[in-house]
Amino acid sequence: MIDCSFEINYFVKEDSVIVLYLKKNICLESLPKIKDIILEYLSKGINNIILNLCECSFIERDIWNYFIDFKKELNNECYGDIVLANMNGVVKLDYDLMELSNSIESFESLNDALYNFGIFNHTVFA
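Each residue of the sequence shown is one higher than the one before, counting from 100 in the numbering used here.
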């Protein structure tokens, strides 16, 4: 059984993109917290989302499915998008095994993901 310890931090970049740092293990019990943050910023007109997964160890399949469905909603209703950044380990392996690249785009770094939304950010993380 997976320990569903979950942490989330976030920030808004240039009033157009919200970056969610999803940490540890993301299980179905984590979804309400994620949804609350996303919906708060959607109501403010921020409809581009980056999921930074650099400290994420595991994502439950239902969570992946939610992100895929949510991306379709964003594209159709809000003209927004959701992308992934900094995947590694088991999360990257799951992404590859489930062939999610057809559904959600992934970037090697946060800077690359921000650039996807037209934000040039030359931030170096220690």
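The C-beta atom is built at its ideal place from N, Cα and C for all residues, glycine as well.
Three-state class that DSSP yields for residue i in the structure shown
i: LYS132; result: helix
i: TYR140; result: helix
i: TYR214; result: helix
i: ASP102; result: coil
i: ALA225; result: Reliability of the predicted coordinates at ALA225 is poor, the pLDDT of 46 falling under 50, and the value obtained from them is presented with this limitation in mind. Coil at ALA225, not helix or strand.
i: CYS153; result: coil
C-beta atoms of residue i and residue j nearer than 9 Å
i: CYS103; j: ILE125; result: yes
i: LEU121; j: GLU106; result: yes
i: VAL116; j: ILE218; result: yes
i: SER208; j: VAL182; result: no
i: ILE211; j: ALA184; result: Correcting the residue type first, residue 211 is Asp in the shown sequence and not Ile. Cβ distance < 9 Å, so ASP211 and ALA184 count as in contact.
i: TYR165; j: LEU119; result: no
CA nearest to the CA of residue i, picked from the options
i: ILE148; options: ARG160, GLU128, LEU127, LEU173; result: LEU173
i: PHE157; options: PHE169, LYS143, TYR178, LEU127; result: LEU127
i: LYS123; options: ILE137, ASN151, ASN215; result: ASN151
i: ILE145; options: TYR178, PHE169, ILE203, LEU199; result: TYR178
i: LEU141; options: GLU154, LYS170, VAL189; result: LYS170
i: ASP135; options: TYR109, LEU213, ILE203, ASP195; result: TYR109
i: ILE167; options: ASN201, ASP193, VAL118, GLU113; result: ASN201
i: CYS153; options: ASP114, ASP180, GLY188, SER129; result: GLY188
i: TYR194; options: ASP114, CYS155, LEU213, LEU119; result: CYS155
Contact belief for residue i with residue j at Cβ below 8 Å, rounded distance in angstroms
i: MET186; j: TRP163; result: With 8 Å as the limit, MET186 and TRP163 do not qualify as a contact, their Cβ atoms being about 12 Å apart.
Opening and closing residue of the beta strand (DSSP E) in which residue i lies
i: TYR165; result: That residue, TYR165, is in no beta strand (DSSP E); its alpha helix (DSSP H) goes 160–172.
i: LEU121; result: 116–125
i: LEU183; result: 180–184
Boundaries of the alpha helix (DSSP H) in which residue i is found, first to last residue
i: LEU199; result: Run containing LEU199: none; DSSP gives neither H nor E here.
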